[in-house]
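Asker:
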Amino acid sequence: MSPSHIIPGRMTEETSALYEAFFALEEVREILRQTAPQHRLSEEQKKRLKELLSKARRGIDLIEGGLG
Amino acid sequence: MNITADIELRDREEDYININPLQTAGRTTVEARKAILSYIDGYSVCDWCKGALCEMDKLPVKKFLDEVSAFLGMDASILTDGAREAKYAVLHAITSPGDSVVIDANKHYTTYVACERAGVKIYEVAGSSHPEYGINPDDYAKVFEQVKAETGALPKLAILTHVDGSYGNVVDAKAVGRICRDYKVPFLLNCAYSSGRMPINGRELYADFISSSGHKSWAAGGGNVGLLSISEGWKGKVFKVSGKYKVKPLEILGCSSRGSSTLALMASFPHVKERVKNWDKEVENARYVASELEKIGLVNLGVKPRQHDVNFFESEILYRISQTHKDKNFFLYKELKDRGIIGIKAGLTKNFKLSTYGKTQEQVKHLVWAFQDIVGKFGK
Numbered sequence: 001m002s003p004s005h006i007i008p009g010r011m012t013e014e015t016s017a018l019y020e021a022f023f024a025l026e027e028v029r030e031i032l033r034q035t036a037p038q039h040r041l042s043e044e045q046k047k048r049l050k051e052l053l054s055k056a057r058r059g060i061d062l063i064e065g066g067l068g
Numbered sequence: 001m002n003i004t005a006d007i008e009l010r011d012r013e014e015d016y017i018n019i020n021p022l023q024t025a026g027r028t029t030v031e032a033r034k035a036i037l038s039y040i041d042g043y044s045v046c047d048w049c050k051g052a053l054c055e056m057d058k059l060p061v062k063k064f065l066d067e068v069s070a071f072l073g074m075d076a077s078i079l080t081d082g083a084r085e086a087k088y089a090v091l092h093a094i095t096s097p098g099d100s101v102v103i104d105a106n107k108h109y110t111t112y113v114a115c116e117r118a119g120v121k122i123y124e125v126a127g128s129s130h131p132e133y134g135i136n137p138d139d140y141a142k143v144f145e146q147v148k149a150e151t152g153a154l155p156k157l158a159i160l161t162h163v164d165g166s167y168g169n170v171v172d173a174k175a176v177g178r179i180c181r182d183y184k185v186p187f188l189l190n191c192a193y194s195s196g197r198m199p200i201n202g203r204e205l206y207a208d209f210i211s212s213s214g215h216k217s218w219a220a221g222g223g224n225v226g227l228l229s230i231s232e233g234w235k236g237k238v239f240k241v242s243g244k245y246k247v248k249p250l251e252i253l254g255c256s257s258r259g260s261s262t263l264a265l266m267a268s269f270p271h272v273k274e275r276v277k278n279w280d281k282e283v284e285n286a287r288y289v290a291s292e293l294e295k296i297g298l299v300n301l302g303v304k305p306r307q308h309d310v311n312f313f314e315s316e317i318l319y320r321i322s323q324t325h326k327d328k329n330f331f332l333y334k335e336l337k338d339r340g341i342i343g344i345k346a347g348l349t350k351n352f353k354l355s356t357y358g359k360t361q362e363q364v365k366h367l368v369w370a371f372q373d374i375v376g377k378f379g380k
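Here the protein sequences line up with chains A and B, keeping their order. Residue numbering for the first sequence follows this note's numbering, beginning at 1 and increasing consecutively. Residue numbering for the second sequence follows this note's numbering, beginning at 1 and increasing consecutively.
1. In angstroms, rounded to a whole number, what distance separates the CA positions of THR110 of chain B and ALA86 of chain B?
2. Which same chain residues end up closer than 7 Å to SER16 of chain A when comparing Cβ atoms and leaving out the 5 residues on each side of it in sequence?
3. Whole angstroms is fine: what's the gap from ALA105 of chain B's alpha carbon to GLY127 of chain B's?
4. Please specify which runs of the beta strand (DSSP E), each continuous and at least 3 residues long, are wholly inside the segment 226-303 of chain B, giving them in chain order.
5. Quick check: the Cα distance between GLU251 of chain B and GLY168 of chain B, rounded to an integer number of angstroms?
6. Name the DSSP beta bridge partners of ILE159 of chain B, please?
7. When you compare each of B:SER260, B:ASP139, B:VAL310 to MET198 of chain B by their alpha carbons, which one comes out closest?
8. Does the beta carbon of ALA33 of chain A sit closer than 8 Å to a beta carbon anywhere in chain B?
9. Between which two residues does the alpha helix (DSSP H) harbouring THR110 of chain B extend?
10. Could you check the C-alpha separation between SER2 of chain A and LEU67 of chain A for me, to the nearest Å?
11. Whole angstroms is fine: what's the gap from LEU13 of chain A's alpha carbon to VAL61 of chain B's?
12. According to DSSP, which residues form a beta bridge with ALA83 of chain B?
13. Counting pairs of beta carbons, one from the segment 355-369 of chain B and one from the segment 315-327 of chain B, are three or more of them closer than 8 Å?
14. Closer than 8 Å by beta-carbon distance: list the chain A residues that pair up with SER38 of chain B, in chain order.
15. Just to make sure I have the definition right: I need the residues of chain A whose C-beta is within less than 9 Å of the C-beta of THR360 of chain B. Which are they?
16. If the criterion is Cβ atoms closer than 8 Å, does the pair VAL102 of chain B and ALA153 of chain B meet it?
17. Check the Cβ-Cβ distances between LYS50 of chain A and every residue of chain B, and say whether any is below 8 Å.
18. DSSP on ASN201 of chain B, reduced to helix/strand/coil?
19. Within 10 angstroms of its Cβ, does MET266 of chain B collect 16 or more other Cβ (buried), or is it exposed?
20. Flag GLN38 of chain A as yes if its beta-carbon sits less than 8 Å from any beta-carbon of chain B, otherwise no.
21. Thinking TYR333 of chain B and ILE321 of chain B are a contact (beta carbons under 8 Å), I'd like their distance in whole angstroms, please.
22. Would GLY226 of chain B and SER260 of chain B be called neighbours here (beta carbons separated by less than 8 Å)?
23. Between B:ALA346, B:VAL289, B:GLY379, B:ASP41, which has its C-alpha nearest THR324 of chain B's C-alpha?
24. Beta-carbon separation of ILE230 of chain B and ALA76 of chain B under 8 Å?
25. Can you list, in chain order, the residues of its chain with a C-beta nearer than 7 Å to that of LEU32 of chain A? Leave out the 5 residues immediately preceding and following it.
26. Is it right to say MET56 of chain B is buried, meaning 16 or more other beta carbons lie within 10 angstroms of its own, or is it exposed?
27. Determine the contact status of LEU189 of chain B and ALA207 of chain B, defining contact as a CB-CB distance below 8 Å.
28. DSSP three-state call for GLU124 of chain B: helix, strand or coil?
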């Protein structure tokens with residue numbers, strides 16, 4: 001990583017992507033909590049789950065692209 | 001799955017319905033967990049510190065505390081490490097060793113221990129006996145008179161456990177507050193099991209002090225955190241600052257909760273403000289569970305009708321089953337766990353407590369089904 005990677009006063013893309021993935025997975029965790037113990041998801045929850053997993057994947061891809 | 005070789009990963013909230021009364025209302029919100037993730041490092045709260053945790057503005061701690069005071073109908077609030085530290089702070093600030101303090105029979109042990117640490121003489125308001133274990137507000141006046149007769153002075157402080165953690169009895173705090181006001185005895189209301197769960201207005205309850213528990217009832221985690229809220233006249237004594245370090249309140253040794261738990265408390269607050277509006281629903285769920293479990297032979301203790309999410313049960317039938325079940329007294333814990341329920345202490349069958357706080361309708365029904373299924377299967 002070169003010094004030019006650091007933009008003063010701004011979070012790096014990788015750190016931002018890391019939290020985007022973490023936060024999306026926290027929302028997934030909440031779905032697990034709300035549906036415990038059977039984890040029978042409503043259609044709305046299934047739709048939300050898909051969106052959250054895409055968001056998490058996007059974050060992971062960005063990290064991979066930036067650091068991998 | 002383990003975190004390290006000897007630390008087990010905790011999945012009690014994700015894979016089970018957790019009914020441990022100590023934990024149900026301290027279960028974090030998504031926002032709290034995001035805040036904890038980001039502020040997980042030691043002293044993270046101090047990034048923008050100008051000298052006092054409770055006065056911080058870049059991280060809006062001061063604004064949050066002002067909002068908490070308004071939410072609780074009090075005039076000022078500070079962060080503590082928990083409700084017990086809040087109680088001790090008041091005791092330390094306004095009493096001297098040898099003074100008299102009145103507490104109630106259903107107190108949390110930390111109320112007693114805080115009094116012991118402060119070196120005060122403890123007088124206790126007795127509770128009623130089985131099955132209610134209630135606290136009669138008028139008994140505070142009787143104990144005040146007893147203190148006066150025995151010591152020649154009124155107590156320096158009265159502490160009431162608004163809701164106890166065993167029976168979930170909600171005491172008429174306003175009646176106790178009025179007696180305290182009449183006798184001019186300062187009144188500390190311990191809201192560890194009430195504020196953050198149900199609506200509280202300290203001004204209407206004549207409370208001089210309110211102690212709250214973030215990790216017990218305000219959906220905060222990531223460590224310990226609590227709140228001490230006071231009415232205006234007590235600022236000088238209870239929030240007194242150090243003579244040398246002018247911004248550091250003495251009773252919290254300058255700064256209390258200096259990590260992610262403070263952020264968790266702040267992040268969950270918008271949710272907490274909303275959830276107390278649904279208190280009727282929580283009480284309805286608790287009553288439903290109590291009534292359904294009584295139908296299968298359990299006895300619900302405490303003052304009726306139930307007013308809180310914590311329910312205590314006596315169960316001769318589950319105890320009888322434990323006498324012949326292969327897992328003996330651990331059978332209830334294991335059978336409930338097999339049905340996705342956790343939180344009743346392993347080994348208990350005859351007496352136990354549970355809480356349905358924050359559970360969905362489906363989870364409440366599943367809980368009832370689990371007990372019905374166990375009694376149906378083994379109770380013949």
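Backbone N, C-alpha and C define an ideal beta-carbon position, used for all residues, glycine too. This structure is a prediction, so every number in the text was calculated from the model and none was measured.
Answerer: Taking the definition as stated:
1. 11 Å
2. none
3. 5 Å
4. 226-230, 299-301
5. 30 Å
6. B:LEU188
7. B:VAL310
8. Here residue 33 of chain A is Arg; the residue named in the question, Ala, does not match the sequence. Cβ-Cβ to chain B under 8 Å: yes for ARG33 of chain A.
9. 109-118
10. Its pLDDT being 49, under 50, SER2 of chain A is placed unreliably in this model, and the coordinates cannot settle the point.
11. The sequence given here places Glu at residue 13 of chain A; Leu does not occur at that position. Roughly 28 Å separates the two Cα atoms.
12. None, per the DSSP bridge assignment.
13. no
14. TYR19
15. GLN34, THR35
16. no
17. no
18. coil
19. buried
20. yes
21. Going by Cβ atoms, the distance from TYR333 of chain B to ILE321 of chain B rounds to 13 Å, so no, they are not a contact pair.
22. no
23. B:GLY379
24. yes
25. HIS39
26. buried
27. yes
28. strand
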